[in-house]
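What the sequence shown shows, in my numbering, is residues 173 to 507, in sequence order.
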Amino acid sequence: MHQLRWNALLSQWVVVTTERQNRPQMPSNWCPFDPGSGRVPDSYEVFLYPNDFPAFSPTADPFTPDTDLLSETGPRGACDVVLYSPEHTLPPSKLSLDQWRSVVDLWTARTRQHAANPDIALIAIFENCGEAVGVTMPHPHGQIYAFPFIPPVVQKELESAREFAAAHAGDCLFCRLMEEEVKRVTRVVAADQHFVAFVPYAARFPAEIALYPRRHVRSLLELTEEEKTSLAHSISIVRQKYDNLYGFLMPLMMPLKQGPLREGDPPYHFHLEFLPLQRSPTKLKYMATIETAYGTFLADTAPEQMAETLRNTEPVTKSLVQSCSGTRDRSENRA
Ligand SMILES: [Zn+2]
Ligand SMILES: [Zn+2]
Numbered sequence: 173m174h175q176l177r178w179n180a181l182l183s184q185w186v187v188v189t190t191e192r193q194n195r196p197q198m199p200s201n202w203c204p205f206d207p208g209s210g211r212v213p214d215s216y217e218v219f220l221y222p223n224d225f226p227a228f229s230p231t232a233d234p235f236t237p238d239t240d241l242l243s244e245t246g247p248r249g250a251c252d253v254v255l256y257s258p259e260h261t262l263p264p265s266k267l268s269l270d271q272w273r274s275v276v277d278l279w280t281a282r283t284r285q286h287a288a289n290p291d292i293a294l295i296a297i298f299e300n301c302g303e304a305v306g307v308t309m310p311h312p313h314g315q316i317y318a319f320p321f322i323p324p325v326v327q328k329e330l331e332s333a334r335e336f337a338a339a340h341a342g343d344c345l346f347c348r349l350m351e352e353e354v355k356r357v358t359r360v361v362a363a364d365q366h367f368v369a370f371v372p373y374a375a376r377f378p379a380e381i382a383l384y385p386r387r388h389v390r391s392l393l394e395l396t397e398e399e400k401t402s403l404a405h406s407i408s409i410v411r412q413k414y415d416n417l418y419g420f421l422m423p424l425m426m427p428l429k430q431g432p433l434r435e436g437d438p439p440y441h442f443h444l445e446f447l448p449l450q451r452s453p454t455k456l457k458y459m460a461t462i463e464t465a466y467g468t469f470l471a472d473t474a475p476e477q478m479a480e481t482l483r484n485t486e487p488v489t490k491s492l493v494q495s496c497s498g499t500r501d502r503s504e505n506r507a
């Protein structure tokens with residue numbers, strides 16, 4: 173069985189894929205992502221690998237947005253695995269700047285391909301990292317889900333941004349939030365000319381970081397070459413900080429969030445989120461009843477304190493205040 177079912181209470185689609193249950197247990201000394209496995213080229217730098225058990229598939233029935241009480245439809249879309257490196261045990265924090273830049277270029281190329289496909293509504297690029305997030309394969313990799321609909325959290329962000337723009341002369345909610353962070357500096361973790369990393373004011377996860385481009389862009393496709401290098405550099409810095417924070421691989425989710433493809437000018441601002449699950453060197457954050465059933469997060473660290481700790485964790489980026497004040501005028505940003 174492979175279908176989307178409408179959850180009428182939460183107004184959201186659930187992907188039912190029973191085939192995923194039959195995923196084979198891999199032999200522990202074999203990895204399909206390693207050169208020589210027969211599943212990937214014998215030599216590669218980064219590689220896009222079609223997901224063997226996709227939640228969304230180009231050969232599935234087309235998606236129809238009927239939302240009757242018990243609606244079901246086809247999960248047409250695509251799921252890929254992005255291999256960051258041929259080296260099986262290389263943690264993402266040890267990827268070089270050039271390697272991250274190659275990953276950014278692969279993300280961008282795949283986004284461009286999907287943007288030309290009318291079946292795709294939104295591209296979710298992400299990484300699950302660490303056993304606490306359910307990843308048993310150490311091989312450095314992320315994923316790309318091409319959704320036939322706009323998933324509910326992005327839907328919610330779009331609604332918030334639309335309401336904010338309506339009440340504030342068309343301003344971008346994301347730009348304004350970032351400007352507040354840059355002005356106050358206390359929650360900024362790292363910054364350069366093009367990107368700002370900060371702990372959000374109302375962070376939900378321990379040591380959560382948001383990474384925003386200073387310029388108002390909706391997707392990877394709008395970034396300049398220089399901004400893409402800056403993005404690669406910023407991701408590298410954040411990932412190194414995380415693994416240095418407790419001295420081991422930080423279990424985390426890393427979504428890259430882009431605006432919807434089929435709307436002319438969606439009120440969205442491209443950004444990354446880093447959602448770690450480690451709340452201390454020995455304790456994990458669990459998505460328990462209050463978070464999962466009621467949608468309210470309990471955070472047990474002060475974002476300002478966590479930002480200071482992360483800011484002072486290696487690699488420390490110099491002249492933070494200066495690079496913060498380097499932000500350009502808002503009207504120029506939006507041009
Ligand atoms: Zn491997
Ligand atoms: Zn913006």
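Even for Gly, the Cβ is constructed at its ideal location relative to N, Cα and C.
Nearest to residue i (by Cα), restricted to the options the options
| i | options | result |
| --- | --- | --- |
| residue 220 | 410, 255, 174 and 370 | 255 |
| residue 403 | 315, 450, 299 and 269 | 269 |
| residue 443 | 437, 436, 434 and 428 | 428 |
| residue 124 | 236, 287 and 209 | This structure cannot settle anything about residue 124, because the visible part of the chain is limited to 173 through 507. |
| residue 252 | 265, 299 and 272 | 299 |
| residue 351 | 213, 386 and 449 | 386 |
| residue 264 | 393, 409, 290 and 326 | 409 |
| residue 471 | 438, 480, 206 and 457 | 457 |
| residue 295 | 392, 333, 329 and 174 | 392 |
| residue 279 | 314, 257, 248 and 339 | 314 |
| residue 401 | 329, 324 and 272 | 272 |
Contact under 8 Å by Cβ, residue i with residue j
| i | j | result |
| --- | --- | --- |
| residue 451 | residue 473 | yes |
| residue 375 | residue 489 | no |
| residue 379 | residue 478 | yes |
| residue 430 | residue 390 | yes |
| residue 336 | residue 235 | no |
| residue 423 | residue 453 | no |
| residue 398 | residue 366 | yes |
| residue 346 | residue 360 | no |
Residues that residue i bridges to, as DSSP identifies them
| i | result |
| --- | --- |
| residue 229 | 248 |
| residue 203 | DSSP output for residue 203 lists no bridge partner at all. |
| residue 316 | 252 and 297 |
| residue 428 | 297 and 444 |
| residue 367 | 385 |
| residue 177 | 186 and 244 |
| residue 450 | 456 |
| residue 362 | 369 |
Start and end residues, alpha helix (DSSP H) containing residue i
| i | result |
| --- | --- |
| residue 219 | It is not in any alpha helix (DSSP H) - residue 219 instead sits in the beta strand (DSSP E) that spans 219–222. |
| residue 286 | 269–287 |
| residue 339 | 324–339 |
| residue 392 | Careful: residue 392 lies outside any alpha helix (DSSP H) and carries neither H nor E. |
| residue 349 | 345–356 |
| residue 374 | Per DSSP, residue 374 belongs to no alpha helix (DSSP H) and is neither H nor E. |
| residue 475 | 475–483 |
| residue 463 | 461–466 |
For residue i, the first and last residue of its enclosing beta strand (DSSP E)
| i | result |
| --- | --- |
| residue 381 | 381–385 |
| residue 184 | 184–189 |
Review point. Counting pairs of Cβ atoms below 8 Å between the stretch 220–235 and the stretch 189–198, do you hit three or more?
Key: Look at the beta carbons and you see the stretch 220–235 touching the stretch 189–198: at least three pairs across the two are nearer than 8 Å.
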